[in-house]
Each structure stands twice: as structure tokens, then as C-alpha cells.
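Asks:
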Amino acid sequence: MSYHLILQDQYDLTPLVETMTLKDSLDQIAYQASVRVAVNGNMPAIAPGMAIRISGVPFNKDSTIPLLHPAVVWEVESSNSGTKRLSLVINDRTIYLDKSEDEYLFPKDQTATQRLQKYAKDWGIPLLPLPDTRTKLGKAVYRAQTIFSMILADLKETAKNGGDMYHPRMTSGGLQLFKLGSNDSPYVLDGMIDLTQLRTLEAQSPKLK
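Numbering (UniProt numbering), first residue to last: 1 to 209.
#1: Could you tell me how far apart the beta carbons of Val57 and Arg85 are, in whole angstroms, since I believe they sit closer than 8 Å?
#2: In three-state DSSP terms, what is Thr21?
#3: To the nearest angstrom, how far is it from the Cα of Tyr3 to the Cα of Glu18?
#4: May I have the straight-line CA-CA distance separating Tyr119 from Thr111, to the nearest angstrom?
#5: Please report the straight-line C-alpha distance between Ile147 and Glu157, rounded to a whole angstrom.
#6: Can you find the residues in the same chain that come closer than 8 Å, C-beta to C-beta, to Leu128, ignoring five residues on each side of it along the sequence?
#7: Any chance the segment 68-75 sits against the segment 87-96, with 3 or more Cβ pairs inside 8 Å?
#8: Taking 8 Å as the CB-CB cut-off, is Asp92 touching chain D?
#9: With a threshold of 6 Å on Cβ separation, who are the neighbours of Thr21 within its own chain once the five nearest residues in sequence on each side are excluded?
#10: Taking DSSP as the reference, what is the three-state secondary structure of Ala30?
#11: Using a 10 Å radius around the Cβ and a threshold of 16 neighbouring Cβ atoms, would you call Val37 buried or exposed?
#12: CA-CA distance, Thr83 and Leu68?
#13: Distance check for Tyr96 and Pro48, CA to CA, integer angstroms please.
#14: To test your reading of the DSSP string, which unbroken beta strand (DSSP E) runs of 3 or more residues are found completely within the segment 78-137?
#15: Shortest alpha-carbon distance to Thr133 belongs to which of Ser149, Lys179 and Leu105?
#16: Taking the C-alpha atoms as reference points, what is the distance between Leu116 and Asp102?
#17: Mind checking who Leu7 pairs with in its DSSP beta bridge?
#18: Between Asp27 and Tyr142, what straight-line distance do the alpha-carbon atoms span, to the nearest angstrom?
#19: How many Å lie between Leu137 and Gly162 at the Cα?
#20: Just tell me which of Leu13, Thr113 and Leu16 has its CA closest to the CA of Ala159.
#21: Starting from Ala144, trace the alpha helix (DSSP H) both ways and give me its first and last residue.
#22: How should Asp62 be labelled, buried or exposed, when 16 other C-beta atoms within 10 angstroms of its C-beta is the threshold for buried?
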């Protein structure tokens, strides 16, 4: 996959990128990138909080799509060993849902979709059309915890009660719920597997007194 790194919709940092790693996980809401860039004289100063976006061309595709957009520079670390470099940690903006706390009391028989709509309304989160998770949830009392932890609890209860499992993801159009296992283009990875076998006497060594 080829990538493009654009800072504040003005500066194309793509030619300066040395390494880029994208990370996604079911236990975190924000899609994350770790990027190392070389610094030149024309490069603007980069600070945490700046808007940034990453787009790319997926495997076996021809068109560029947004990957982290909207996104924010979360950490900046500089190093200089002859050539100055910046190591950036970039998160999509749902990271704020994992850093912001609130309290909620929900009655029973609501769905995770309805509760997400409530969070979004209260916190000004743009939403794309959401799937109806359908499963009725029990009464919930959420004391001072992050918005993401509440969203995740609602989705886990939905799956536990027989519903589908969903994962929230911020896109350029707004927050979405993605149904796990609903990928349009599954990939076969068996040709890329690297098997390693280790045999040792470490656990079998007799102990001598």
C-alpha cells in the first residue's frame, strides 16, 4: 500500500516519511499510526494537537481512500544523530472519546444504537447512518468513566445477548459502527505465513543438589 501524509490540509509530508506503521485493535477506539519523518528546512513546526491525515491505496486497489481522517498529532519526539528526525504518534479523533469522562443512567430496553446516538448528541460527535443493533439492553448506571468504555460495554452486552458484534470507527464522514466479519473484501493470508519451531531442553533440565 502507498500512503500520503498531509499536515493541516496544506503540507504534503509524504516525501519525508521514512517509516509508517498503522495499528488497529478491538480494545481501543482510535486507529493509530506511528510515523518517522526526516526534517528539512521547508518543513513547518509540528506540535501535538495539529490536524493531520493519512490516505492510501489499499492492496489490489487503484484509488486512494482516507485511512486516518480526521486525525490529530498526539505525540512528537525529536532525535538528531546527524539528521534530525521526528517520530509522530497519530490518532484518529475518536481518541477523545477514550480520554473524556461522563456519567449516564439508561433505562432498560434501549439498544446500543440508541445509546450511541445519545452520546453523539451530547458530545457533538458527527454520525454516519448507524445499523440497528436491535438487541434490547438492561438498565445501565455508568459512573465517571470514559465515553468509549460505555460504548464498548453496550456493544459487548449486545453480543452477549445474542446480537451481532460491532466496533466503532471514526471516518471522514463521521462515526460508524462496523459489524465484525462483514468485510467486503476478505484476504487469504496463508501464502504469507512464516512458521517457526523451537525445541529446547530448558524446561527438562534436572536440578542437582
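The C-beta atom is built at its ideal place from N, Cα and C for all residues, glycine as well.
Replies: The answer reads as follows:
#1: No, Val57 and Arg85 are not in contact; Cβ-Cβ is about 25 Å, not under 8 Å.
#2: Residue state, collapsed to three classes: strand.
#3: Those two C-alpha atoms are separated by around 12 Å.
#4: Approximately 13 Å, taken between the alpha carbons.
#5: Distance between the alpha carbons of Ile147 and Glu157 is about 16 Å.
#6: The answer, listed in chain order, is Thr171, Gly173, Gly174, Leu175 and Gln176.
#7: The segment 68-75, when compared against the segment 87-96, does touch it at the 8 Å Cβ threshold.
#8: Checking the listed chains, one finds no chain D in this structure; it contains a single protein chain.
#9: Listed in chain order, the non-local C-beta contacts of Thr21 below 6 Å within the same chain comprise Ser34, local neighbours out to five positions each way being set aside.
#10: Per DSSP, reduced to three states, the secondary structure at Ala30 is coil, with no helix or strand assignment.
#11: By the neighbour-count criterion, in which a residue is buried when 16 or more other Cβ atoms sit within 10 angstroms of its Cβ, Val37 is buried.
#12: Each residue's Cα considered, the two are about 27 Å apart.
#13: If I take the Cα positions, the gap works out to 13 Å.
#14: With a minimum length of 3 residues, the continuous beta strand (DSSP E) runs that stay inside the segment 78-137 are 84-92 and 101-106.
#15: It is Lys179.
#16: So the alpha carbons of these two residues sit roughly 14 Å apart.
#17: Answer by DSSP bridge pairing, in chain order: Tyr11 and Ile52.
#18: Approximately 19 Å between the Cα atoms of the pair.
#19: Roughly 11 Å between the two C-alpha positions.
#20: Ranking the options by Cα distance to Ala159, first place goes to Thr113.
#21: Per DSSP, Ala144 lies in no alpha helix (DSSP H) segment; the continuous beta strand (DSSP E) that holds it begins and ends at Ala140 to Thr146.
#22: That one is exposed.
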